[in-house]
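Q: Protein sequences appear in the order of chains W and P. Just add 15 to the spot in the first sequence (first one is 1) and you have our numbering. Just add 10 to the spot in the second sequence (first one is 1) and you have our numbering. Every residue, glycine too, gets a C-beta built ideally from N, C-alpha and C. Remember, it's a predicted structure, so these values are computed and weren't measured experimentally.
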Amino acid sequence: MDPIIRVESLHKSFRDLHVLRGVSIEVNRSEVVSFIGRSGSGKSTLLRCINRLEEPTSGEIWIDGVNIHEPYIDINKVRAEIGMVFQSFNLFPHMTAIDNIMLAPVCVRKISRQEAKERGLSLLEKVGLAEKANEYPEKLSGGQRQRVAIARALAMQPRIMFFDEPTSALDPEMVGEVLDVMAQMASEGMTMLIVSHEMGFIREAADRVLFLDEGKILEEGTPDDIFNRPQFPVTRDFLGKVL
Amino acid sequence: MLKDYTESNTFKKLRDTSGRVPLIRQPVFLIASCVALVLYGSMLFWASGEGLVIRIALSVFVALLVTWTGIIITDERRGERLKTSIVFLVLAVLVLLFLEFHVTNSEEIIELFFNITVIKKAWPYLVLGFKTTISLAFMAALVSTVIGLTLAIFRSFDNKVLNFFIIAYVDFFRAIPIIVLLMLIYYGLPFLNIRLSAFASGVLGLGLNSGAYVSEIFRAGFLSVSKGQLEASRALGMTPWQTMQKVALPQAFKAVIPPLVGNYVASAKDTALCSSISIIELLKAGTAQQSLNANPSPLIFVTVLYLILFVPLTRLCGYIEKRMKKTQRQITV
Numbered sequence: 016m017d018p019i020i021r022v023e024s025l026h027k028s029f030r031d032l033h034v035l036r037g038v039s040i041e042v043n044r045s046e047v048v049s050f051i052g053r054s055g056s057g058k059s060t061l062l063r064c065i066n067r068l069e070e071p072t073s074g075e076i077w078i079d080g081v082n083i084h085e086p087y088i089d090i091n092k093v094r095a096e097i098g099m100v101f102q103s104f105n106l107f108p109h110m111t112a113i114d115n116i117m118l119a120p121v122c123v124r125k126i127s128r129q130e131a132k133e134r135g136l137s138l139l140e141k142v143g144l145a146e147k148a149n150e151y152p153e154k155l156s157g158g159q160r161q162r163v164a165i166a167r168a169l170a171m172q173p174r175i176m177f178f179d180e181p182t183s184a185l186d187p188e189m190v191g192e193v194l195d196v197m198a199q200m201a202s203e204g205m206t207m208l209i210v211s212h213e214m215g216f217i218r219e220a221a222d223r224v225l226f227l228d229e230g231k232i233l234e235e236g237t238p239d240d241i242f243n244r245p246q247f248p249v250t251r252d253f254l255g256k257v258l
Numbered sequence: 011m012l013k014d015y016t017e018s019n020t021f022k023k024l025r026d027t028s029g030r031v032p033l034i035r036q037p038v039f040l041i042a043s044c045v046a047l048v049l050y051g052s053m054l055f056w057a058s059g060e061g062l063v064i065r066i067a068l069s070v071f072v073a074l075l076v077t078w079t080g081i082i083i084t085d086e087r088r089g090e091r092l093k094t095s096i097v098f099l100v101l102a103v104l105v106l107l108f109l110e111f112h113v114t115n116s117e118e119i120i121e122l123f124f125n126i127t128v129i130k131k132a133w134p135y136l137v138l139g140f141k142t143t144i145s146l147a148f149m150a151a152l153v154s155t156v157i158g159l160t161l162a163i164f165r166s167f168d169n170k171v172l173n174f175f176i177i178a179y180v181d182f183f184r185a186i187p188i189i190v191l192l193m194l195i196y197y198g199l200p201f202l203n204i205r206l207s208a209f210a211s212g213v214l215g216l217g218l219n220s221g222a223y224v225s226e227i228f229r230a231g232f233l234s235v236s237k238g239q240l241e242a243s244r245a246l247g248m249t250p251w252q253t254m255q256k257v258a259l260p261q262a263f264k265a266v267i268p269p270l271v272g273n274y275v276a277s278a279k280d281t282a283l284c285s286s287i288s289i290i291e292l293l294k295a296g297t298a299q300q301s302l303n304a305n306p307s308p309l310i311f312v313t314v315l316y317l318i319l320f321v322p323l324t325r326l327c328g329y330i331e332k333r334m335k336k337t338q339r340q341i342t343v
């Protein structure tokens, strides 16, 4: 089967800091891949390089068979196919929940406001926030904000979803509601790349776990392999601390 | 619990009134107020041409008035509104006494500075000037907003060459005196075969100057929009221009309204400088009428018009700033 994402020997440096040191991965359609590792190991940078929020220093990235660094590629078209959920939500504070969701489908997909609204409301219903459509983000709890952010990403009907530590900024009691939504998406066959520290969730939902250490993929395998039979002392050490 | 609370409150009240020495009874205050009273009394005494008894009675009256006011305004049980009105009342009485006993030539003053006949004669011209001032200020605000916003948007592209020119513009037009700028435009440009009317020159000069400030204000507004907002927008596939239009600008606008209005008011006051290029705005109208009538009353009236125009505007600034602080959404959503 054709991988939907293929990354080859990706390097990324911020001035003197060499964050990614040759990462190569392949992700298949409908696969849920989770990245774990210590902070600073390059997990977030990897995600951000794949949709070019960061420009890689070197390396090649193919999404759906297209090399996204070719000069004729419109990166906005590529990004439209990749939903991204941030640690800090990044909802637009000057818009209501429904306007947050409708903005990109109307501006980028050029669908009518009516259609965007219908799509947005059904997505809000899906994440359990139908009654919050006309609230501003400031009126929502952290968990609700993140669910709106997920709905906003889904409204573009992306083929891939990136989650960059989606629950790290949440109070513990709100983590569950966000993970539930993500689990539902995974079960519906969405291709998902997840950077997270929620080991319980990863064990349940992920098809494959990649352990990053110092900008390289040190170990990869099924959650069962990684969590129960880690090969490297670094992995064992990390898992011992977070589990 | 409730009883405890009320009891302690009563206790606090008692201690406030009896436990602490009020300001009025502190020795320093007493001595200072005595000296002040003696000075004021002697002023009344020497200045007036009235009889001795009246002078002594007046001095005693003022002394009692001031002491009584002091006692009331240091009493913590009295309301703030009462205290304020009493202070103003007493000040009014003192001013009246001063006018009555010190100013013997009040008719001359009125004749010179508040001459109704002169003002009536000057009125139509002053109104014309007032209108010119307002339209100058409004047009200059418009021009400066267009210039400032354009520069700030180009600045946000972070292109080194563009930045060089924008910074040069801002530095130059903030540094150059507005009068010189107006002169250059009105008297200098015709040599380049660009002829602008006095009014257009005024608008252009003020707009160029104020635009430099406005661009800095908008730049600060754009910087206040967090990087995460821009990333979220770009990650959704929005173009840089859509991001600017739908995400950055609306948020930046909200942040810049208070300093922006403040800047408009400041540049509206600069319209007075346009009198140097033969625009008959409010100040020019005032000085012209002053020399025509050989009487400064029109200028006093012009001052009043400036106050009428600018006091509400500056109050509006303060109000907007206060309201923005209250409703500002300080969250990192």
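I need the straight-line Cα distance from residue 210 (chain W) to residue 145 (chain W), nearest angstrom please.
A: So the two alpha carbons sit approximately 27 Å from each other.
Q: Which first and last residues belong to the alpha helix (DSSP H) in which residue 31 (chain W) is found?
A: No alpha helix (DSSP H) contains residue 31 (chain W), which DSSP labels as neither H nor E.
Q: With a Cβ-Cβ cutoff of 8 Å, do residue 94 (chain W) and residue 244 (chain P) count as a contact?
A: It is a contact, given that the beta carbons lie within the stated cut-off.
Q: Measuring alpha carbon to alpha carbon, tell me which residue in W:190, W:122, W:106, W:173 is nearest residue 152 (chain W).
A: Looking at the Cα atoms, W:106 is the closest of the given residues.
Q: Does the separation of the CB atoms of residue 128 (chain P) and residue 301 (chain P) fall below 8 Å?
A: Taking 8 Å as the Cβ cut-off, residue 128 (chain P) and residue 301 (chain P) do not qualify as a contacting pair.
Q: Let me confirm a value: residue 187 (chain P) is counted as buried when at least 16 other C-beta atoms fall within 10 Å, else exposed. Which label applies?
A: It counts as exposed.
Q: Please list, in chain order, all residues of the same chain as residue 286 (chain P) whose beta carbon is under 8 Å from its beta carbon, the five residues on each side excluded.
A: Cβ neighbours of residue 286 (chain P) beyond the five flanking positions: 189, 192, 193.
Q: I'd like to check one pair, residue 220 (chain P) with residue 132 (chain P): are the Cβ atoms closer than 8 Å?
A: No. Outside cutoff.
Q: Any residues in the stretch 105-135 of chain W with a beta carbon nearer than 7 Å to a beta carbon of chain P? Which ones, in chain order?
A: Cβ contacts with chain P: 105, 106, 107, 108, 109, 118, 119, 122, 123.
Q: Looking at residue 27 (chain W) and residue 64 (chain W), is the spacing between their C-beta atoms short of 8 Å?
A: The answer is yes: Cβ separation under 8 Å.
Q: State the DSSP-derived secondary structure class of residue 18 (chain W), mapped to helix, strand or coil.
A: Here residue 18 (chain W) sits in strand by DSSP.
Q: Given a threshold of 16 other Cβ atoms within 10 Å of its Cβ, counted over all protein chains shown, does residue 273 (chain P) qualify as buried or as exposed?
A: Buried: at least 16 other Cβ atoms inside 10 Å.
Q: Taking Cβ to Cβ, would you say residue 79 (chain W) is nearer than 8 Å to residue 19 (chain W)?
A: Yes, Cβ-Cβ distance for residue 79 (chain W) and residue 19 (chain W) is below 8 Å.
Q: Applying a beta-carbon distance threshold of less than 9 Å, which residues of chain P neighbour residue 94 (chain W)?
A: 244, 245, 246, 247, 248, listed in chain order.
Q: In chain P, which residues lie with their C-beta within 7 Å of the C-beta of residue 66 (chain W)?
A: Neighbours of residue 66 (chain W) on chain P, chain order: 245.
Q: What first and last residue would you give for the alpha helix (DSSP H) that runs through residue 93 (chain W)?
A: Residue 93 (chain W) -> alpha helix (DSSP H) spans 90-95.
Q: Give a yes or no on whether the C-beta atoms belonging to residue 266 (chain P) and residue 326 (chain P) are separated by under 8 Å.
A: Contact: no.
Q: Tell whether a beta-carbon distance below 8 Å holds between residue 238 (chain P) and residue 153 (chain P).
A: The answer is no: Cβ separation not under 8 Å.
Q: For residue 156 (chain W), which residues in the same chain have their Cβ closer than 7 Å to its Cβ, ignoring the five residues on either side in sequence?
A: The residues are 189.
Q: Could you compute how far the alpha carbon of residue 81 (chain W) sits from the alpha carbon of residue 58 (chain W)?
A: Cα-Cα distance, rounded: 23 Å.
Q: Take residue 122 (chain P) as the anchor and find which of P:324, P:305, P:320 has the nearest alpha-carbon.
A: Nearest option by C-alpha distance: P:305.
Q: Do you know offhand how far residue 71 (chain W)'s Cα is from residue 289 (chain P)'s?
A: Between residue 71 (chain W) and residue 289 (chain P), the C-alpha separation is close to 59 Å.
Q: Quick one: what's got a C-beta closer than 6 Å to residue 262 (chain P)'s C-beta in the same chain, skipping five residues either side?
A: Here the set comprises 231, 232, 235.
Q: Any beta-carbon of chain W closer than 8 Å to the one on residue 266 (chain P)?
A: For residue 266 (chain P), the answer is no, since every Cβ of chain W falls outside 8 Å of its Cβ.
Q: Output the distance between the C-alpha atoms of residue 14 (chain W) and residue 223 (chain W), rounded to the nearest integer angstrom.
A: Residue 14 (chain W) lies beyond the range of chain W shown here (16 to 258); nothing can be said about it.
Q: How big is the Cα-Cα spacing for residue 207 (chain P) and residue 104 (chain P)?
A: Approximately 53 Å between the Cα atoms of the pair.
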